[in-house]
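Residue numbers (my numbering): 296 to 778.
We put the beta carbon where it would ideally sit given N, CA and C, even for glycine.
No experiment lies behind these values; they were computed from the predicted model shown.
Some notes on the structure that comes next.
Below you can see the structure in the form of structure tokens.
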């Protein structure tokens, strides 16, 4: 064999070996990645080849599947009362993916979750029948919140303080996830470009300044620290209160309110800014931050199981900024979920049960795969003595203070209003907040709620927690307590 032929043979052999190596690499190392690629059409075809499992509310499916026409994707997702439950379900789209519970439990709902497979399924690599997601949502509370918010831009959350079950998650304006199921590009463009952001989950994923509702956290910190012995002790709170190292006097909304040296009870009743700003400075940002974090602030992994955006209590401030955090301003932010957690912990005698909106997951035969109600964590946020004193003070707010619109016959209600500044120099319409709890006088039913009204048709002078948010909270609490 001459040299040229020999070299050609060796070169050809090397090419064959290279092809074999590449084929082996693709098959054994890149194969799974290629199979899992979001642009792999086969995945979508397989995912929507059969009906999906369902998301369940109070025993009824609020999702479904319908056959398509003229598509290689045989089924598409459908929704019952889609706009009502959008903040719970999210969407499952043949084109745009899945969000919220649809996204978190996608493998369970399409049958690819390994928990669903029998030994035979594993051996044959057969797709199992899909499972279901059973939520903690109470349809009556959900509907009450949705209808009470109406045309307002805002959000609401309700929690059972004793169990941590989330009874309602509502965000308005909402949208119908059915519009996105088959990948309607016009609907997607309309929704994503809407300035009101209907697909933003304001209840869980849009933290905003909580305003005076944050005064509950400041009061809790003061009582826990021993700065004041109880909610009826006089505080050291000049009125007006000049922010430290500035020439700025902090005003109160009600100039005639008895806020000078007011007790915590009176200061919550009239929402006295001077008391809580001074209290924040006296405590110092470190103590206040520590208390806020016990309630859930600064938690970057708050899953319910949807990941909630972090509610923030800041660090590294000067005293004047610390004073402003005492009234829920400066860089303090909170989601409605977070403020509902504050009221839930206070209502539950200082113990915070981890909030969750999925009760169980099950297979196609109804067998429980995971029980989330049995795996909740409980932590002490404040002592029972502090919690009970704050309950009493919050009841005063509702009975004879700034939160009278939340009164419910046959129930004990405690709450706190909030009106948070919005825009540079408070140039835009303020945010209206209300957080509260209610306990039935005739049963063991109880609920904690938080409501945020980001924008409404009310005149600026009429924007208040009591005027806009408290009626929504009342409707939710009534629905939760009814027999």
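Which one or two residues does DSSP pair with residue i in a beta bridge?
| i | result |
| --- | --- |
| residue 750 | 448 |
| residue 759 | Bridge partners of residue 759: none, in fact. |
| residue 647 | 674 |
| residue 729 | 712, 746 |
| residue 467 | 449 |
| residue 371 | 361 |
| residue 356 | 351 |
| residue 706 | 735 |
| residue 430 | 653 |
| residue 522 | BP columns for residue 522 are empty, so no partner. |
| residue 529 | None, per the DSSP bridge assignment. |
Alpha carbon to alpha carbon, what distance is there between residue j and residue i?
| i | j | result |
| --- | --- | --- |
| residue 329 | residue 317 | Its pLDDT being 45, under 50, residue 329 is placed unreliably in this model, and the coordinates cannot settle the point. |
| residue 268 | residue 351 | The chain is shown only over 296 to 778; residue 268 falls outside these bounds and no answer can be derived. |
| residue 412 | residue 663 | 14 Å |
| residue 769 | residue 580 | 33 Å |
| residue 640 | residue 742 | 11 Å |
| residue 368 | residue 343 | 5 Å |
| residue 747 | residue 729 | 7 Å |
| residue 758 | residue 574 | 26 Å |
| residue 513 | residue 571 | 7 Å |
| residue 545 | residue 674 | 35 Å |
| residue 635 | residue 645 | 14 Å |
| residue 348 | residue 355 | 13 Å |
| residue 625 | residue 515 | 20 Å |
| residue 522 | residue 716 | 28 Å |
| residue 374 | residue 554 | 51 Å |
| residue 486 | residue 386 | 13 Å |
| residue 712 | residue 587 | 18 Å |
| residue 298 | residue 310 | 18 Å |
| residue 682 | residue 492 | 37 Å |
| residue 762 | residue 547 | 18 Å |
| residue 409 | residue 517 | 50 Å |
| residue 726 | residue 751 | 10 Å |
| residue 378 | residue 442 | 11 Å |
My understanding is that residue i touches residue j, with C-beta atoms under 8 Å, so please give their C-beta distance in whole angstroms.
| i | j | result |
| --- | --- | --- |
| residue 502 | residue 604 | 5 Å |
| residue 464 | residue 498 | 5 Å |
| residue 458 | residue 668 | 7 Å |
| residue 785 | residue 381 | Only positions 296 to 778 of the chain appear in the structure, and residue 785 is not among them; the question remains open. |
| residue 642 | residue 732 | 4 Å |
By alpha-carbon positions, which one of the options ends up nearest to residue i?
| i | options | result |
| --- | --- | --- |
| residue 456 | 745, 362, 760 | 745 |
| residue 448 | 406, 466, 437 | 466 |
| residue 397 | 383, 390, 408, 409 | 383 |
| residue 766 | 366, 364, 440 | 440 |
| residue 400 | 678, 762, 600, 772 | 600 |
| residue 434 | 578, 492, 357 | 357 |
| residue 598 | 680, 697, 651 | 651 |
| residue 541 | 615, 391, 376, 507 | 615 |
| residue 405 | 740, 657, 709 | 657 |
Cβ contact (3+ pairs, closer than 8 Å) linking the stretch 469-484 and the stretch 692-708: no
The stretch 614-632 contacting the stretch 553-562, beta-carbon criterion three pairs below 8 Å: no
At least 3 beta-carbon pairs within less than 8 Å: the stretch 418-437 vs the stretch 592-607: no
Any 3 or more C-beta pairs closer than 8 Å across the stretch 624-635 and the stretch 502-515: yes
Given 8 Å, three or more beta-carbon pairs between the stretch 604-614 and the stretch 694-705: Result no; under three Cβ-Cβ pairs closer than 8 Å.
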